[in-house]
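The next block holds one structure in the form of structure tokens; read it before the comments.
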Amino acid sequence: MIHLPRSVWMALFLIPILSICSIRHLNKLAPFALVANCLYLSAVFILLYFFFTHLKPSSNFPAIGQIENIPLYFGTVLFAFEGIAVVLPVENRMTHPQHFIKWNGVLNCSCLVVMIIFTVIGFYGYLAVGDQVSDTVTLNVPHEPVYQSAIAELIPHLALFISFIGAFSGSSMALLFPPFIDLLVSHSRGKLVLKVWIIDLTLLLFALIGLVTGTYTALVEIFKKIGQSVSSF
1 MIHLPRSVWM
11 ALFLIPILSI
21 CSIRHLNKLA
31 PFALVANCLY
41 LSAVFILLYF
51 FFTHLKPSSN
61 FPAIGQIENI
71 PLYFGTVLFA
81 FEGIAVVLPV
91 ENRMTHPQHF
101 IKWNGVLNCS
111 CLVVMIIFTV
121 IGFYGYLAVG
131 DQVSDTVTLN
141 VPHEPVYQSA
151 IAELIPHLAL
161 FISFIGAFSG
171 SSMALLFPPF
181 IDLLVSHSRG
191 KLVLKVWIID
201 LTLLLFALIG
211 LVTGTYTALV
221 EIFKKIGQSV
231 SSF
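Taking the UniProt record's numbering, the leading residue of the sequence shown gets 1, the next gets one more, and so forth.
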């Protein structure tokens, strides 16, 4: 068996990952996305099997977490819905773009599926692992043959980095830029009515609160963890 340092494995995977990320046409990227989704669903089923076989009574855990961790939760949730970057390209490539944003269209249905998967994983994962959950729950899965497809941790304190990326870039792309652009477009078309002002300013306020609090909290926790790691040497 070949034993290589983690940094070497990361460098080896960097080349194919960058190559895939350089594909600009969705029709050529679709086969890779299909394979990735199949692997993702396989990992989900493996995790659910582990959770269902290690469930603990809900009375063992607090029903509500700490309020100061809500900004971290906000960033993590936005990171989970980070597909906002491909919304416009997918809509532009559709034969019937009007089906994309219908109440039962592609966007709402896909977000609903993602929400259900993450909710189930989060709920049953907490019942199985509790407060001892690692930055990624796959680290709590025992290293046995039946769980060998679990994803390895590559970044120290991954959960905090996920919260930071979600709060900073996720809230900007999904909540901050769209209403700001809508205000500019509505103004240029002479359709900047009171209703548009109220909706867009409400979204902007919500986005700014999430961006500032989520980013600040995540950065504080990241530097705190890094400081603890440095002081331990």
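Think of the CB as a built atom: it goes at the ideal place given N, C-alpha and C, for glycine as much as any other residue.
- Burial of S172 is indicated by the presence of at least 16 other C-beta atoms within 10 angstroms of its C-beta.
- Across the structure, K56 and A128 are spaced so that their CA atoms are roughly 6 Å apart.
- Between N27 and the set F74, T95, I15 and P142, the nearest pair of CA atoms involves T95.
- In this chain, the alpha helix (DSSP H) harbouring P31 covers L26 to F52.
- Each of F79, I165, G125 and T76 was checked against the Cα of V44, and the nearest Cα belongs to G125.
- In the three-state scheme derived from DSSP, where H, G and I count as helix and E and B as strand, N104 is classed as coil.
- D182: member of the alpha helix (DSSP H) spanning F177 to S188, first to last residue.
- One alpha carbon belongs to P179, the other to P142, and they sit about 45 Å apart.
- Nearest to L208 by C-alpha distance, out of K102, F177 and F32, is F177.
- For A80, the enclosing alpha helix (DSSP H) starts and ends at I70 to A80.
- The shortest CA-to-CA distance from F118 to any of T76, H99 and N140 is the one to T76.
- Non-local C-beta neighbours of N60 in its own chain, meaning closer than 8 Å and more than five positions away in sequence, comprise G130, ordered along the chain.
- Judged by their CB atoms, P71 and A167 are nearer to each other than the 9 Å cut-off.
- For L88, the uninterrupted alpha helix (DSSP H) segment begins and ends at V87 to R93.
- Put simply, of I181, L211, T53 and V86 the residue whose alpha carbon is nearest the alpha carbon of I23 is V86.
- In the three-state DSSP reduction, H3 falls in the coil class, being neither helix nor strand.
- Within the same chain, A167, G210 and G214 come within 7 Å of F74 by CB-CB distance, once the 5 residues on both sides are set aside.
- V196 and P97 have their C-alpha atoms some 23 Å from each other.
- Under the 10 Å beta carbon count, A36 is surrounded by fewer than 16 other beta carbons and is classified as exposed.
- Sorting L194, L88 and D200 by C-alpha distance to the C-alpha of D182 places D200 at the top.
- Annotated three-state conformation of I209 is helix, per DSSP.
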